[in-house]
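Structure, as C-alpha cells:
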Amino acid sequence: MKITVVGSGYVGLVTGTCLAEVGNHVLCLDVDPAKITTLQQGGIPIYEPGLDDMVRRNVEAGRLSFTTDIPAAVAFGEVQFIAVGTPPDEDGSADLQYVLAAARNIGLYMTEPKVVVDKSTVPVGTADKVKAQIASTLAERGADIAYSVVSNPEFLKEGAAIEDFMKPDRIVVGAEDERAIELMRRLYAPFQRNHDRILFMDVRSAELTKYAANAMLATRISFMNELANLAEDLGADIELVRRGIGSDPRIGYHFLYPGAGYGGSCFPKDVKALVASGREQGHAMRVLTAVEEANEAQKRRLVDKLVKRFGEDLSGHHFALWGLAFKPNTDDMREASSRVIVAELTRRGATVAAYDPVAADEARRVMGDNPALQFADDMMAALRGADALLIVTEWKMFRAPDFDAIKASLKHPVILDGRNMYDPAWLRELGFDYQAIGR
Ligand code: NAD
C-alpha cells in the first residue's frame, strides 16, 4: 500500500517506519524543514530505542522517504495518516490548528479518493471537523472527490514505541464506511497475525477511547501519589501497600508506582483536554480535575522535602539531580517533573548539577537559559560537592550505583529519591538520610 504520514514526530515517524517495515511504501511529511533534512541525511531527530536501525533499513530498501513537499505528499498515499501535534490551548482544550491545516492541505491537493486516518489524539467531534474542512476546501476548488475520515488513535509508549506498534495490545479503529473499514483491516493485518486485535467502533467512541485510556492511567498515578504521601505520615510503606493491592486481579500491578509526578507529552495535556471537553458539555470532571491538581503538587514533593531538610532559602546550596527526561528511555522533556524541580530549586537560590544519559541535549534546549543549572557529563561527576542527590527519572543505570562513592562525593549523605529506586532500610544502614516517596 502507498501511505502518507503527515507529521514526522514521535508518532508519525514510528507509524511510518513500522508500516514500511511490513512492506508498505511510506512517505513522511513534515512542515519542519530541519527535521526532514535530518531524516533525509540519515539522522533521527528523536531518541527512541531501535528506531534508527529500522528507519535506515527501510530507507535503504526504498520503502521509506521524507519530504516537506505538501502536494507530493498528498498525491503519494491512498491512505493519509494525520499524526501532527495537538497541544493544549490556553483553556486546556486541544488546539486543532495543525490537524485542520493538514486536512486543508489534503483537500487542496487531492486528485483521487483518499482515506484520511486521524492518529493524533483529538477530542470527540474532530473527525467531523476534518471531514468538513476537506469538504469546504474541495468546494473552493470546485472539485468533487470521494474521501473518508477514520479515527485510529495511537497507544504507543515512548521508549517502547516500536514494540508497541509492531505488537499492539489493541488497535482501535473508528470508521463508518465499508471501504475504509476494509482498508484498515488490510493495513493492520500484518500486526495481528496471532489473533484479531482490531476493535472497530464508531468514530466518536474511538476518539474518546484514547482520552479515557490516558485519563485512567493518570488517575492511577495520582491516586497512588496521594496515598503515598499519606502513608509517610501514617508510618506505612507504600511499596508494600502497592503489592498488597496489585495482587488483586481487579486492580492489577500496572501503573501503581508512586513518584515525583507524571509528565510527558500525553498525560498532562490529555487530562486537561478531557476536562475541557467535559466543561464544554456542562460536566464538571471532578475526578480528573483532582488528578491534575494532585500531580502538580506531586512534582514539587521532592522540593518540599528538601526545604524541610535545608530551609526555605536555598541560596548557597548546591544539589545534584539524576534524570531529566519525563521517564526513562526517552529524551522527551515535555512537562517533565525535572523542569518544575529545577525551576523551584533555583528560584530559591540553589544551584543544580544535572545528569541524564540521553535527555541532556533536549534539556539544554528547554532549560539551558537558567544560569544556575549545569549539566554534568556523567552521573558521578554531578555529585561533586552537592548538598544532596535528587533522583527524578528511574534510568536503569541508577539502579545499583556505588553508594560509597556517592557518599564520598556528596557534602551531606542525603538522597531524595522521587522514584523509589532503593531499599530504605539498607540505605539507612549505609548511613544515608534517604527519603523516598511514601515510605
Ligand atoms: P510531535 O510534536 O513529536 O510531532 C508532531 C509533528 O507534526 C511535528 O514534527 C510538526 O512539525 C509536524 N506538523 C505540524 N503541523 C504539520 C502539518 N500541517 N503538516 C505536516 N507536519 C506538521 O508530536 P507527537 O508526540 O508525535 O504527537 C502527535 C500526536 O499523537 C498528538 O496528538 C499526541 O497527543 C499523539 N500521541 C502521542 C504519543 C507520544 O507518546 N508522543 C502517543 C500517542 C499519541
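All residue numbers for the sequence shown refer to the numbering used here, where the first residue is -10 and numbers rise by one. Here a beta-carbon is modelled for each residue, glycine too, at the ideal position from N, C-alpha and C.
Task: Nearest neighbour of residue 120, chosen from 414, 301, 105 and 227 [CA to CA] - done: 105
Task: Check: residue 437 C-beta below 7 Å from any heavy atom of the ligand NAD - done: Any property of residue 437 remains undetermined from this structure, which presents the chain solely from -10 to 428.
TODO: Please name the residue or residues paired with residue 162 in a DSSP beta bridge.
DONE: As a beta-bridge residue in DSSP terms, residue 162 pairs with 189.
Open item on the list: Check for me: the beta strand (DSSP E) holding residue 6 runs from which residue to which?
Closed with: Premise fails: residue 6 lies in the alpha helix (DSSP H), -1 to 10, not in any beta strand (DSSP E).
TODO: Can you grab the Cα-Cα spacing for the pair residue 128 / residue 118, in whole Å?
DONE: Roughly 15 Å separates the two Cα atoms.
Open item on the list: For the region 185 to 203 against the region 381 to 395, do three or more pairs of beta-carbon atoms, one drawn from each stretch, fall closer than 8 Å, so that the two count as touching?
Closed with: no
Open item on the list: Using the three-state DSSP reduction, which class does residue 70 fall into: helix, strand or coil?
Closed with: strand
Open item on the list: Does the beta-carbon of residue 24, which I'm using as the reference point, lie nearer than 7 Å to any heavy atom of the ligand NAD?
Closed with: yes
- [ ] Keeping to the same chain, check which residues put their C-beta closer than 7 Å to that of residue 10; ignore five residues upstream and five downstream.
- [x] 43 and 47
TODO: Apply the 10 Å Cβ neighbour rule to residue 183 and answer buried if 16 or more other Cβ atoms are within range, or exposed otherwise.
DONE: exposed
- [ ] Give a yes or no on contact between the region 169 to 177 and the region 225 to 245, applying the rule of three or more CB pairs nearer than 8 Å.
- [x] no
TODO: Return the CA-CA distance between residue 324 and residue 288, expressed in angstroms with no decimal places.
DONE: Looking at the two C-alpha atoms, the distance is approximately 10 Å.
Task: Other residues of its chain near residue 349: CB distance less than 8 Å, five sequence neighbours each side excluded - done: 313, 343 and 364
- [ ] Could you pull out every residue in the same chain whose Cβ sits closer than 8 Å to the Cβ of residue 27, ignoring the five residues on either side in sequence?
- [x] 33 and 34
- [ ] Figure out for me which residue from 263, 24 and 217 has the closest Cα to the Cα of residue 426.
- [x] 217
TODO: State yes or no: is the C-beta of residue 99 within less than 8 Å of the C-beta of residue 73?
DONE: 8 Å or more divides the Cβ of residue 99 from the Cβ of residue 73.
TODO: Output the distance between the C-alpha atoms of residue 21 and residue 336, rounded to the nearest integer angstrom.
DONE: 34 Å
Open item on the list: Can you check which of these residues, 8, 7, 19 and 13, is closest to residue -2 by C-alpha distance?
Closed with: 19
Open item on the list: Rounding to the nearest angstrom, what Cα-Cα distance links residue 160 and residue 143 in this structure?
Closed with: 8 Å
Task: Cα-Cα separation between residue 226 and residue 208, rounded to whole angstroms - done: 20 Å
- [ ] Report whether the distance from the Cβ of residue -2 to the nearest heavy atom of the ligand NAD is below 7 Å.
- [x] yes
TODO: Flag this pair as yes or no: are the beta carbons of residue 107 and residue 71 separated by less than 8 Å?
DONE: yes
TODO: Using 7 Å as the cut-off, classify the Cβ of residue 350 as near or not near the heavy atoms of the ligand NAD, replying yes or no.
DONE: no
- [ ] Give the DSSP bridge partners of residue 184, in chain order.
- [x] The partner list for residue 184 (beta bridge, DSSP) is empty, contrary to what the question assumes.
Open item on the list: Using only the alpha-carbon positions, how far apart do residue 93 and residue 229 sit?
Closed with: Distance between the alpha carbons of residue 93 and residue 229 is about 53 Å.
Task: Contacting residues, own chain, Cβ-Cβ under 6 Å from residue 59 (five flanking each side not counted) - done: 94
Task: Host beta strand (DSSP E) of residue 311 (start-end) - done: 307 to 311
Open item on the list: Assuming residue 55 is part of the beta strand (DSSP E), what are its boundary residues?
Closed with: Where residue 55 is concerned, the enclosing beta strand (DSSP E) stretches over 53 to 56.
- [ ] Indicate whether residue 405 and residue 309 have their beta-carbon atoms separated by less than 8 Å.
- [x] no
Task: Limits of the alpha helix (DSSP H) - the one that residue 352 falls within - done: 349 to 356
Open item on the list: Strictly by DSSP, which residues pair up with residue 277?
Closed with: Partner(s): none; residue 277 has no beta bridge.
TODO: Have a look at residue 417 and residue 423 and give me their C-alpha separation to the nearest angstrom.
DONE: Between residue 417 and residue 423, the C-alpha separation is close to 6 Å.
Open item on the list: To the nearest angstrom, how far is the alpha carbon of residue 77 from that of residue 386?
Closed with: Using only the alpha carbons, I get a separation of about 33 Å.
Open item on the list: Let me make sure I understand the geometry here. Which of 4, 290 and 389 has the alpha-carbon closest to that of residue 153?
Closed with: Cα-wise, what sits closest to residue 153 is 4.
Open item on the list: Going by C-alpha to C-alpha distance, which of 389, 240 and 116 sits closest to residue 412?
Closed with: 389
- [ ] May I ask whether a heavy atom of the ligand NAD can be found less than 7 Å away from the beta carbon of residue 200?
- [x] no
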